[in-house]
Amino acid sequence: MISYDTFSGSRARVREANLDYKELLVLAEHLTPLLQLMTLQIHNVGNVLSALVTKLLRQILASMDQEERRRNELVVRQQQQLQPMAPTLFWS
Numbered sequence: 062m063i064s065y066d067t068f069s070g071s072r073a074r075v076r077e078a079n080l081d082y083k084e085l086l087v088l089a090e091h092l093t094p095l096l097q098l099m100t101l102q103i104h105n106v107g108n109v110l111s112a113l114v115t116k117l118l119r120q121i122l123a124s125m126d127q128e129e130r131r132r133n134e135l136v137v138r139q140q141q142q143l144q145p146m147a148p149t150l151f152w153s
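At position 39 of the sequence shown (counting the first as 1) the number is 100 in our numbering, and the numbers step up by one without a gap.
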């Protein structure tokens, strides 16, 4: 069971729900700002933090992979552009 505040409307309301960490991630990503989820009861906090850290690490690794691919493609393009300009040692 978790409790979280909703700040929409003129009065804040407290809502409660039985959610596992995957459902909490959905809330964190879409409708409920992360700060609102900070009122979680203690037994769910570990699962949520673990899931959020795992998700963040996956995003970081994916970003690093994408940057590495971009750099590799740039090097290949630069090498392809330099090949026709390279002088040949043997004259025909």
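Here a beta-carbon is modelled for each residue, glycine too, at the ideal position from N, C-alpha and C.
| Asked | Found |
| --- | --- |
| Among 144, 83, 145, whose alpha-carbon lies nearest the alpha-carbon of residue 112? | 83 |
| Cα separation between residue 115 and residue 143? | 42 Å |
| Grouping DSSP H, G and I as helix and E and B as strand, with all else coil, what is residue 144? | coil |
| Here's the rule: buried if 16 or more other CB atoms are within 10 angstroms of the residue's CB, otherwise exposed. What is residue 155? | This structure cannot settle anything about residue 155, because the visible part of the chain is limited to 62 through 153. |
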